[in-house]
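As you go down the protein sequences, you meet chains Y and U in turn. Going left to right, the first sequence walks through residues 1 to 189 as the numbering used here numbers them. Going left to right, the second sequence walks through residues 1001 to 1189 as the numbering used here numbers them. For glycine and all other residues, C-beta sits at the position ideal for the given N, C-alpha and C. From a predicted model like this one, the values you see are computed outputs, not experimental measurements. Here's the structure, in structure tokens; my notes come after.
There are 2 protein chains.
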Amino acid sequence: MIEVEVKAKISHPYEIIKRLNTQATFLKEIYQEDIYFNAPDRDFKITDEALRIRISSEGPELTYKGPKIGNLIDKTREEISININDLKKTRIILEKLGFREVDKVSKKRILFQFNDLSISVDFVEDLGEFIEIEGLVNTQNEIEIKRKEIFDCLNGLDIPFEDCERRSYLELLINKKGSINNTSEIENI
Amino acid sequence: MIEVEVKAKISHPYEIIKRLNTQATFLKEIYQEDIYFNAPDRDFKITDEALRIRISSEGPELTYKGPKIGNLIDKTREEISININDLKKTRIILEKLGFREVDKVSKKRILFQFNDLSISVDFVEDLGEFIEIEGLVNTQNEIEIKRKEIFDCLNGLDIPFEDCERRSYLELLINKKGSINNTSEIENI
């Protein structure tokens, strides 16, 4: 399954939620904690892959994400998820196999459905508010049509393309922590 | 969880099943197919680890097994299993992470309970019949007592210690295929 996805930073989440409440179907409000791992044989930061355990009220799941497809502003990539019955044991198995925990991303997600698109307004701990619009396709040939549909939706919500963010929450969080560390190192000189 | 386990080759499975039917509690008869994988960063054959997906009527599970503990004739090792909801997707995730399928082991397993021990009579495709007696312990300190309990049970079934087999079904299968290939190579000279 290929996930065609666009993410954008937003400054007015409640206004967007209000608009979505009239134009889309509200699905649920959910709290998600994502634990990201790096591989023993390669650096996922370089290969642009991701492996994560997601914990939410819907039960834990394990997800692999492939490298982003294309060089546009969207975040289209292959995504494969399975449900697992035991978070702690899955974590131990991954660690035994040499995977190392990198960081955690915690967020509250307000989820809507608009036609066959999923729209979520995310309140991400330490990062702020974002909107994610995504659709699933089976083959690379279908990406373009889905991409257009997503950008039309983004446009309909008056979110400018220049606010799109291609980096994952994990990358943004690591970058932020990196710059905080650098600042404190400078302050310590 | 540490699995303390003894396995032995048997030539008279139905006689043993008859004895177990009177002395132990019959639990179930189950067909299991195990798909084994090797790691991208090390050779599990050398590190004595295992990663497998088990398919059975009880639903698929993913299991990691650590190296065997000690140099005795039993197969004591750490074992961690989780239930997964999708065999095909789990396989794709493992392959995307660089794990490669090594081989499959298929068997019919007749399972009994004797005190806190699990006893199974296995009819393994291409390998023949075996008995496995196993118990679970939480710490290394408990291994010795459990080991004694298992060997007493083996003794009670009149199975000689020299019939014990420390190699896994996977190792036995690979060895067998290796020797068949070698024989046919010799025959082709």
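Per DSSP, leucine 136 (chain Y) is paired with what? Numbered from 1 along the first sequence, position 136 holds the residue referred to as residue 136 (chain Y). Its beta-bridge partners are Y:Glu3.
Where does threonine 1090 (chain U) sit, in a helix, a strand or coil, going by DSSP? Mapped onto the second sequence, residue 1090 (chain U) falls at position 90. The answer is helix: DSSP assigns threonine 1090 (chain U) an H, G or I state.
If I measure Cβ to Cβ from valine 1102 (chain U) and keep anything under 6 Å in the same chain, skipping five residues before and after, which residues do I get? On the second sequence, position 102 is the one that residue 1102 (chain U) refers to. Counting only residues of its own chain and dropping the five nearest sequence neighbours on each side, valine 1102 (chain U) has a CB closer than 6 Å to the CB of Tyr1036 and Asn1038.
Return yes when the Cβ of isoleucine 131 (chain Y) is within less than 8 Å of the Cβ of valine 124 (chain Y), no when it is not. Along the first sequence, one-based indexing puts residue 124 (chain Y) at 124. Along the first sequence, one-based indexing puts residue 131 (chain Y) at 131. Not in contact: valine 124 (chain Y) and isoleucine 131 (chain Y) (Cβ atoms no closer than 8 Å).
Return the bridge partner residues of leucine 127 (chain Y) from the DSSP annotation. Taking the first sequence and counting its residues from 1, one reaches residue 127 (chain Y) at position 127. Residue pairing from DSSP leaves leucine 127 (chain Y) without any beta-bridge partner.
Around the Cβ of isoleucine 1186 (chain U), are there at least 16 other Cβ atoms within 10 angstroms (buried) or fewer (exposed)? As a position in the second sequence, residue 1186 (chain U) is number 186, starting the count at 1. Note that isoleucine 1186 (chain U) has pLDDT 48, beneath the 50 cutoff, so the model's placement of it is unreliable and no number is given.
Interface residues of chain U around asparagine 85 (chain Y) at Cβ under 7 Å? Position 85 of the first sequence, counted from the first residue, corresponds to residue 85 (chain Y). Residues of chain U passing the Cβ test: Ile1082 and Asn1083.
Isoleucine 133 (chain Y) and isoleucine 150 (chain Y) closer than 8 Å at C-beta: For this step, residue 133 (chain Y) is matched to residue 133 along the first sequence. For this step, residue 150 (chain Y) is matched to residue 150 along the first sequence. Using a Cβ distance threshold of 8 Å, isoleucine 133 (chain Y) and isoleucine 150 (chain Y) count as a contacting pair.
Applying a beta-carbon distance threshold of less than 7 Å, which residues of chain Y neighbour aspartate 1126 (chain U)? By 1-based counting over the second sequence, the position of residue 1126 (chain U) is 126. Scanning chain Y for C-beta atoms nearer than 7 Å to the C-beta of aspartate 1126 (chain U) yields nothing, as the closest lies near 28 Å away.
Are the CB atoms of isoleucine 1080 (chain U) and lysine 89 (chain Y) nearer to each other than 8 Å? For this step, residue 1080 (chain U) is matched to residue 80 along the second sequence. For this step, residue 89 (chain Y) is matched to residue 89 along the first sequence. For the 8 Å CB-CB criterion, isoleucine 1080 (chain U) and lysine 89 (chain Y) form a contact.
Taking 8 Å as the threshold (beta carbon to beta carbon), is lysine 89 (chain Y) in contact with chain U? Within the first sequence, numbered from 1, the residue matching residue 89 (chain Y) stands at position 89. At a cut-off of 8 Å, the C-beta of lysine 89 (chain Y) has a neighbouring C-beta in chain U.
Listed by chain order, chain U residues near lysine 68 (chain Y) by CB distance under 9 Å: Reading the first sequence from its first residue, position 68 is the one you call residue 68 (chain Y). Residues of chain U passing the Cβ test: none, with the nearest at roughly 15 Å.
Mapping the DSSP letters down to three states, classify leucine 1157 (chain U) as helix, strand or coil. Here residue 1157 (chain U) refers to the residue found at position 157 of the second sequence. Three-state result, leucine 1157 (chain U): coil.
Would glycine 1059 (chain U) be called buried (16 or more neighbouring beta carbons within 10 Å of its own) or exposed? One-based indexing of the second sequence puts residue 1059 (chain U) at position 59. Exposed: under 16 other Cβ atoms inside 10 Å.
Of the residues U:Glu1003, U:Ile1002, U:Met1001 and U:Lys1007, which one's Cα is nearest the Cα of glutamate 1129 (chain U)? By 1-based counting over the second sequence, the position of residue 1129 (chain U) is 129. Of the candidates U:Glu1003, U:Ile1002, U:Met1001 and U:Lys1007, the one whose C-alpha sits nearest the C-alpha of glutamate 1129 (chain U) is U:Lys1007.
Rounding to the nearest angstrom, what Cα-Cα distance links arginine 42 (chain Y) and isoleucine 1092 (chain U) in this structure? Translated into the one-based positions of the first sequence, residue 42 (chain Y) becomes position 42. Translated into the one-based positions of the second sequence, residue 1092 (chain U) becomes position 92. If I take the Cα positions, the gap works out to 18 Å.
Quick one: what's got a C-beta closer than 7 Å to leucine 1157 (chain U)'s C-beta in the same chain, skipping five residues either side? On the second sequence, residue 1157 (chain U) is found 157 positions in, with the first residue counted as 1. The answer, listed in chain order, is Ile1016 and Arg1019.
Can you find a CB in chain U that lies within less than 8 Å of the CB of tyrosine 36 (chain Y)? Within the first sequence, numbered from 1, the residue matching residue 36 (chain Y) stands at position 36. Chain U contact via Cβ: absent.
Show which residues of chain Y have a CB atom less than 8 Å away from the CB atom of alanine 1050 (chain U). Locating residue 1050 (chain U) in the second sequence gives position 50, counting from the first residue. Near alanine 1050 (chain U) there are no residues of chain Y at all, since even the closest Cβ is about 11 Å away, more than 8 Å.
What residue range does the beta strand (DSSP E) around proline 67 (chain Y) cover? Translated into positions along the first sequence, residue 67 (chain Y) becomes position 67. Unbroken beta strand (DSSP E) run through proline 67 (chain Y): 61-68.
Relative to the alpha-carbon of phenylalanine 1044 (chain U), which residue among U:Lys1108, U:Lys1146, U:Phe1099 and U:Pro1160 has its alpha-carbon at the smallest distance? Reading the second sequence from its first residue, position 44 is the one you call residue 1044 (chain U). Among U:Lys1108, U:Lys1146, U:Phe1099 and U:Pro1160, the Cα nearest to that of phenylalanine 1044 (chain U) is on U:Phe1099.
Does chain U have any CB closer than 8 Å to the CB of aspartate 163 (chain Y)? For the purposes of this step, residue 163 (chain Y) is taken as the residue at position 163 of the first sequence. No, aspartate 163 (chain Y) does not count as interfacial toward chain U.
Quick one, are the C-beta atoms of isoleucine 1082 (chain U) and serine 1057 (chain U) less than 8 Å apart? As a position in the second sequence, residue 1082 (chain U) is number 82, starting the count at 1. As a position in the second sequence, residue 1057 (chain U) is number 57, starting the count at 1. Isoleucine 1082 (chain U) places its beta carbon 8 Å or farther from that of serine 1057 (chain U).
For a contact defined as C-beta to C-beta under 7 Å, what are the partners of glycine 1098 (chain U) on chain Y? Your numbering for residue 1098 (chain U) matches position 98 in the second sequence. For glycine 1098 (chain U), the neighbours in chain Y by C-beta distance under 7 Å run, in chain order, Asp41.
Suppose the cutoff is 8 Å on Cβ atoms and the five residues either side in sequence are ignored; what does the same chain contact list for asparagine 175 (chain Y) look like? The count along the first sequence starts at 1 and reaches residue 175 (chain Y) at position 175. Arg167, listed in sequence order.
Residue range of the unbroken beta strand (DSSP E) whose run includes glutamate 29 (chain Y): Walking along the first sequence from the start, residue 29 (chain Y) turns up at place 29. From DSSP, the beta strand (DSSP E) with glutamate 29 (chain Y) extends over 25-38.
If you check the beta carbons only, do threonine 25 (chain Y) and phenylalanine 112 (chain Y) fall under 8 Å apart? For the purposes of this step, residue 25 (chain Y) is taken as residue 25 along the first sequence, with counting starting at 1. For the purposes of this step, residue 112 (chain Y) is taken as residue 112 along the first sequence, with counting starting at 1. Threonine 25 (chain Y) is a Cβ neighbour of phenylalanine 112 (chain Y), given a cutoff of 8 Å.
Here's a check: name, in chain order, each residue in its chain whose Cβ is nearer than 6 Å to the Cβ of lysine 177 (chain Y), leaving out the five neighbours to either side. Walking along the first sequence from the start, residue 177 (chain Y) turns up at place 177. Contacts found: none.
In the DSSP assignment, what residue or residues form a beta bridge with aspartate 1103 (chain U)? On the second sequence, position 103 is the one that residue 1103 (chain U) refers to. Beta-bridge pairing links aspartate 1103 (chain U) to U:Tyr1036.
According to DSSP, is aspartate 1122 (chain U) part of a helix, a strand, or is it coil? The residue given as residue 1122 (chain U) occupies position 122 in the second sequence. Correct three-state label for aspartate 1122 (chain U): strand.
Boundaries of the beta strand (DSSP E) in which isoleucine 1080 (chain U) is found, first to last residue: The count along the second sequence starts at 1 and reaches residue 1080 (chain U) at position 80. In the DSSP assignment, isoleucine 1080 (chain U) falls within the beta strand (DSSP E) that extends over 1077-1083.
Which class does arginine 109 (chain Y) belong to by DSSP, given the choice of helix, strand or coil? Along the first sequence, read from residue 1 onward, the residue named residue 109 (chain Y) stands at position 109. Arginine 109 (chain Y) carries a strand assignment under DSSP once its states are collapsed to helix, strand and coil.
Output the boundary residues of the beta strand (DSSP E) element that contains isoleucine 1053 (chain U). Taking the second sequence and counting its residues from 1, the one referred to as residue 1053 (chain U) is at position 53. Where isoleucine 1053 (chain U) is concerned, the enclosing beta strand (DSSP E) starts and stops at 1050-1056.
Among U:Asn1155, U:Ser1106 and U:Pro1160, nearest to leucine 1170 (chain U) - alpha-carbon criterion: Within the second sequence, residue 1170 (chain U) is the residue found at index 170, counting from 1. The shortest C-alpha separation from leucine 1170 (chain U) is found at U:Ser1106.
Between the alpha carbons of leucine 87 (chain Y) and lysine 1068 (chain U), how many angstroms are there, rounded? By one-based count along the first sequence, residue 87 (chain Y) stands at place 87. By one-based count along the second sequence, residue 1068 (chain U) stands at place 68. Taken atom to atom, the span from the alpha-carbon of leucine 87 (chain Y) to that of lysine 1068 (chain U) is near 25 Å.
Determine the extent of the alpha helix (DSSP H) in which isoleucine 1046 (chain U) is found, giving its start and end residues. Within the second sequence, numbered from 1, the residue matching residue 1046 (chain U) stands at position 46. Counting along the chain, the alpha helix (DSSP H) containing isoleucine 1046 (chain U) begins and ends at 1044-1047.
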